[in-house]
Every structure is written in C-alpha cells, then in structure tokens.
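Trainee:
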Amino acid sequence: MPEATKMMVWIDQDLCTGDGICEEIAPDVFVGRDDGLWVVKEEADHFGSSIVFDGVEGDGHGPDGSRGLARIPDSLMDDAIEAAEECPGECIMIEPYQADLVHDGAA
Ligand code: SF4
219 MPEATKMMVW
229 IDQDLCTGDG
239 ICEEIAPDVF
249 VGRDDGLWVV
259 KEEADHFGSS
269 IVFDGVEGDG
279 HGPDGSRGLA
289 RIPDSLMDDA
299 IEAAEECPGE
309 CIMIEPYQAD
319 LVHDGAA
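Counting along the sequence shown from 1, when you hit position 66 you're at 284 in my numbering, and nothing is skipped either side.
#1: Here's a check: name, in chain order, each residue in its chain whose Cβ is nearer than 8 Å to the Cβ of Gly278, leaving out the five neighbours to either side.
#2: Which one of Val320, Met295, Asp297 has the shortest CA to CA distance from Pro281?
#3: Thinking C-beta only, is Trp256 closer than 8 Å to Glu242?
#4: Below 8 Å on the Cβ atoms is my guess for Ala317 versus Val227; work out the distance and round it to an integer in Å.
#5: If I'm right that Thr235 touches Pro314 with Cβ under 8 Å, what's the distance once you round it to whole angstroms?
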C-alpha cells in the first residue's frame with residue numbers, strides 16, 4: 219500500500235545552490251543529481267516503487283523542475299517543510315497533493 223500523502227514537492231533547479239542541505243534533512247525526498255543540482259524523488263519504501271525526478275529518460279525517472287512533482291509521505295512532511303525552510307535558494311516548492319500529477323515512473 220502506498221503511504222498516505224497530502225502534499226507534493228518540486229525543486230526549481232534554476233535557483234538551487236547545490237549545497238545539499240535538503241538531502242541531509244530528508245534523504246528519502248531529495249537527492250543530488252550528477253550536475254550538482256538537487257532534485258526530488260519518491261522512495262519504494264513509501265510508495266512501492268522508486269522514481270527520481272531528474273529529467274532523465276527511462277524507467278524510474280521523471281521530469282525535473284515544475285513538471286516533476288514527487289509525493290511527500292505524510293510521515294516525512296515535517297522534514298520536507300524543514301528542508302524548504304532551510305533551503306538557501308528558497309527553491310523547494312511544496313504544493314497540495316493532486317492525483318492527476320502522480321508520475322507512474324514509466325519512461
Ligand atoms: S537545500 Fe535548496 S539550494 Fe540546497 S541543494 Fe537543496 S534545493 Fe538546492
């Protein structure tokens with residue numbers, strides 16, 4: 219069963235400073251990309267399959283930026299909010315859950 223979620227998150231990579239604070243606070247929600255910018259992700263532990271919203275083509279990946287919204291597990295909401303508050307780029311965007319924006323992880 220996927221974990222309950224009320225909110226989703228995306229990162230504006232244009233503003234990301236690449237310091238990695240978000241991943242230190244919430245490693246199941248944020249991950250560094252090869253180019254030194256951070257992206258959001260969904261972990262199989264919470265949702266049954268893993269998706270990294272890094273803009274790479276292929277299974278297990280999704281679009282980056284505002285088109286790549288990851289569900290935030292309710293159990294990690296406090297961590298995600300703390301990350302957004304601590305983010306020096308102010309580029310972590312948290313929005314209400316929308317079922318039609320959930321990505322299935324297929325290419
Ligand atoms: S905390 Fe913000 S600026 Fe820092 S890596 Fe994460 S998204 Fe980028």
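Virtual Cβ for every residue (Gly too), placed ideally from N, Cα, C.
Since the structure is predicted, the reported quantities are computational estimates derived from the model, not experimental observations.
Mentor: Reading it off the structure:
#1: Within the sequence shown, residue 278 is the residue found at index 60, counting from 1. If we look at Gly278 and ignore the five residues flanking it on each side, its Cβ neighbours are Ser267, Ser268, Ile269, Val270, Gly323.
#2: Taking the sequence shown and counting its residues from 1, one reaches residue 281 at position 63. With distances taken between Cα atoms, Pro281 lies closest to Val320.
#3: In the sequence shown, residue 242 corresponds to position 24, counting from 1. In the sequence shown, residue 256 corresponds to position 38, counting from 1. Going by C-beta atoms, Glu242 is not nearer than 8 Å to Trp256.
#4: Looking up residue 317 in the sequence shown gives position 99. Looking up residue 227 in the sequence shown gives position 9. In fact, because the Cβ distance is near 16 Å, the residues do not count as touching under 8 Å.
#5: Counting from 1 along the sequence shown, the entry for residue 235 is found at position 17. Counting from 1 along the sequence shown, the entry for residue 314 is found at position 96. The Cβ separation is near 26 Å, so there is no contact.
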